[in-house]
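Structure first, then comments.
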Amino acid sequence: MNKSIIFVTGLSGAGRSEVMKALEDLDFFCVDNLPLALLSDLSKLSNSPKEPEQRLAVSLDVRGNDFFTGFLSTIDNLENSAASNTILFLDCADEVLVRRYSETRRRHPIHESESLLECITKERALLSEIRARANYVLDTSSMKTNELRNRIGKLILNRDVSSDIIINVMSFGYKNGVPLDADFMFDMRFLDNPYYKTELRSKNGLDDDVADYVFSQAEAEDVIKNISNSMEQWIPLHSTAGKTSLTIAIGCTGGQHRSVAITEELSKILSNKFSSVTAIHRDIK
Numbered sequence: 006m007n008k009s010i011i012f013v014t015g016l017s018g019a020g021r022s023e024v025m026k027a028l029e030d031l032d033f034f035c036v037d038n039l040p041l042a043l044l045s046d047l048s049k050l051s052n053s054p055k056e057p058e059q060r061l062a063v064s065l066d067v068r069g070n071d072f073f074t075g076f077l078s079t080i081d082n083l084e085n086s087a088a089s090n091t092i093l094f095l096d097c098a099d100e101v102l103v104r105r106y107s108e109t110r111r112r113h114p115i116h117e118s119e120s121l122l123e124c125i126t127k128e129r130a131l132l133s134e135i136r137a138r139a140n141y142v143l144d145t146s147s148m149k150t151n152e153l154r155n156r157i158g159k160l161i162l163n164r165d166v167s168s169d170i171i172i173n174v175m176s177f178g179y180k181n182g183v184p185l186d187a188d189f190m191f192d193m194r195f196l197d198n199p200y201y202k203t204e205l206r207s208k209n210g211l212d213d214d215v216a217d218y219v220f221s222q223a224e225a226e227d228v229i230k231n232i233s234n235s236m237e238q239w240i241p242l243h244s245t246a247g248k249t250s251l252t253i254a255i256g257c258t259g260g261q262h263r264s265v266a267i268t269e270e271l272s273k274i275l276s277n278k279f280s281s282v283t284a285i286h287r288d289i290k
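So the sequence shown is numbered by our numbering: it starts at 6 and just counts up by one.
Written out as structure tokens, the structure reads:
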């Protein structure tokens, strides 16, 4: 079965690079600034039986007149031999584009003798037919970067992707150093240590009798409840702000008993709320 391609195009400065980053976060294979002449070859390659099933997004290089004159005919040729493709057109108000170019100090791709505003006006006219053919038109004038991922998810995937954040719950031992990539860190060393129980010393928090010992303490139940309630409130806020992954670190002295048992239980609770939760035990060999 032939795969469809999402083509990302639109006005220069409207946020094409940020949209490609958002699509990449949504597990699209992204090709940025592809020359139009290579599009047919890319389509053939992506439809090869040897290529894995993966959604493909392509941002096309608008430099050169061949893009404006040949884009739609190239798309039509692809659709004659492949599945239907999707055109996502990025629009933006002139005054916002002028401000963005002023802030970045980059020159417009159509940088002939015209002023910046004249370049924008000319490009808008050249892209008018493509805009009319687009499946989706997204105006980024008042859109913050962290809003793009959710908007793209709703447009392209037809679903809310705000809960797609990747959550890693990681146990660790303080004696081996704290995780450098932790977004939240909680210390479990206030709990009684199973290490001092001879029958539990050689085991870890993945063993039922160790977990039972840890959770026989009322404080363990309380801390799990408090952390999970806080995370269920805070994680969506981080996702809305544009964060795509988050690490919750749970520590104890050696990273073998208390932190492991708490990590396992916390990851199970969060899995009921969020779609991608993984328990990682850094210091268990």
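Here a beta-carbon is modelled for each residue, glycine too, at the ideal position from N, C-alpha and C.
Same chain, Cβ closer than 8 Å to residue 165, five either side skipped, listed in chain order: Listed in chain order, the non-local C-beta contacts of residue 165 below 8 Å within the same chain comprise 155, 158, 159, local neighbours out to five positions each way being set aside.
Are the beta-carbon atoms belonging to residue 255 and residue 244 less than 8 Å from one another? In terms of Cβ geometry, residue 255 and residue 244 do not form a close pair [threshold 8 Å].
If we ignore side chains and look at the alpha-carbon of each, how far apart do residue 235 and residue 119 end up? Taking the Cα positions, residue 235 is about 55 Å away from residue 119.
With H, G and I counted as helix, E and B as strand and the rest as coil, what does DSSP make of residue 286? In the structure shown, residue 286 adopts extended strand secondary structure according to DSSP, grouped into three states.
Hey, out of 203, 199, 38, 211, whose CA is closest to residue 285's CA? Checked all of 203, 199, 38, 211; the closest Cα to residue 285 is 211.
Between residue 103 and residue 122, what straight-line distance do the alpha-carbon atoms span, to the nearest angstrom? It is roughly 7 Å from the alpha-carbon of residue 103 to the alpha-carbon of residue 122.
Please work out which residues of its chain come closer than 8 Å, Cβ to Cβ, to residue 16, disregarding the five sequence neighbours upstream and downstream, and give them in chain order. Cβ neighbours of residue 16 beyond the five flanking positions: 95, 96, 97, 102, 125, 128, 129, 132.
At what residues does the beta strand (DSSP E) containing residue 61 begin and finish? Counting along the chain, residue 61 sits inside the beta strand (DSSP E) bounded by residues 61–65.
Can a CB atom of chain C be found closer than 8 Å to the CB of residue 83? Of the protein chains in this structure there is only one, and it is not chain C.
Spatial neighbours of residue 12 within its chain, please: CB distance less than 6 Å, with the 5 preceding and 5 following residues excluded, ordered by chain position. Around residue 12: 63, 92.
Bridge partner(s) assigned by DSSP for residue 190: Partner(s): 254.
Keeping to the same chain, check which residues put their C-beta closer than 6 Å to that of residue 140; ignore five residues upstream and five downstream. So the list reads 91, 92, once near-sequence residues are dropped.
Helix, strand or coil at residue 169 [DSSP, three-state]: Coil, per DSSP.
Comparing C-alpha positions only, which one of 253, 134, 288 sits nearest to residue 181? It is 288 whose Cα lies nearest to the Cα of residue 181.
Check the C-beta distance from residue 138 over to residue 44 and give it rounded, since I have them as a contact under 8 Å. With 8 Å as the limit, residue 138 and residue 44 do not qualify as a contact, their Cβ atoms being about 16 Å apart.
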